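Right, one structure below, let's go through it.
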Amino acid sequence: MKHDIEEQAGALVLRLQGRFDAASAPEIKQLLKDQVGAGNTRIVLEISGVDFMDSSGLSVIVTCQRLAQSRGGDLRIAGAAESVKSILELTRLSRVFELDSDVGEAISRLPPKSRKSGR
């Protein structure tokens, strides 16, 4: 899996491309945990380039969202392809995550920076 990370409008944007599965999930999970630990709690996962996601990828997203929220932030999902949307709907995670069409929309829906988040 390829990934790119940048800061945009006070949020951490992680762009993923490829398969988000058992092989790639541990690396992405550690990356996100390190970022939240460093105070980056306003996170957007831009996944328009993700062509496959399994339960390992879903677990990473849920775990990191909870971690970010526990520190006053949130994790949003932007640009999900139809195949990934279907997985989120089948697992009922579409009820947990509101899917944003693009990074700008996701950033606008993140909570404001707070003292608790450190950013």
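Heads up: the sequence shown runs through residues 108 to 226, numbered per my numbering. Just so it is clear, CB atoms sit at the ideal spot from N, CA and C, and this is done for glycine as well. For clarity, every value in this text was computed on a predicted model and none was experimentally measured.
- Taking the Cβ atoms as the reference, T148 lies roughly 6 angstroms from G179, within the contact range of under 8 angstroms.
- Note that the stretch 122-142 touches the stretch 158-170; at least 3 beta-carbon pairs, one per stretch, sit closer than 8 angstroms.
- Within the stretch 161-220, the complete beta strand (DSSP E) segments at least 3 residues long are 181-185, listed from N- to C-terminus.
- A direct Cα-Cα distance of roughly 29 angstroms separates G146 from R199.
- Take the alpha-carbon of L152 and the one of E134: they are about 14 angstroms apart.
- Rounded to whole angstroms, the Cβ separation of I154 and L139 is 13 angstroms, and the two are not in contact under 8 angstroms.
- Nearest in C-alpha terms to I194, of all of S208, L165, G211 and R122, is L165.
- When the beta-carbon positions are compared, A175 and V210 stay at least 8 angstroms from each other.
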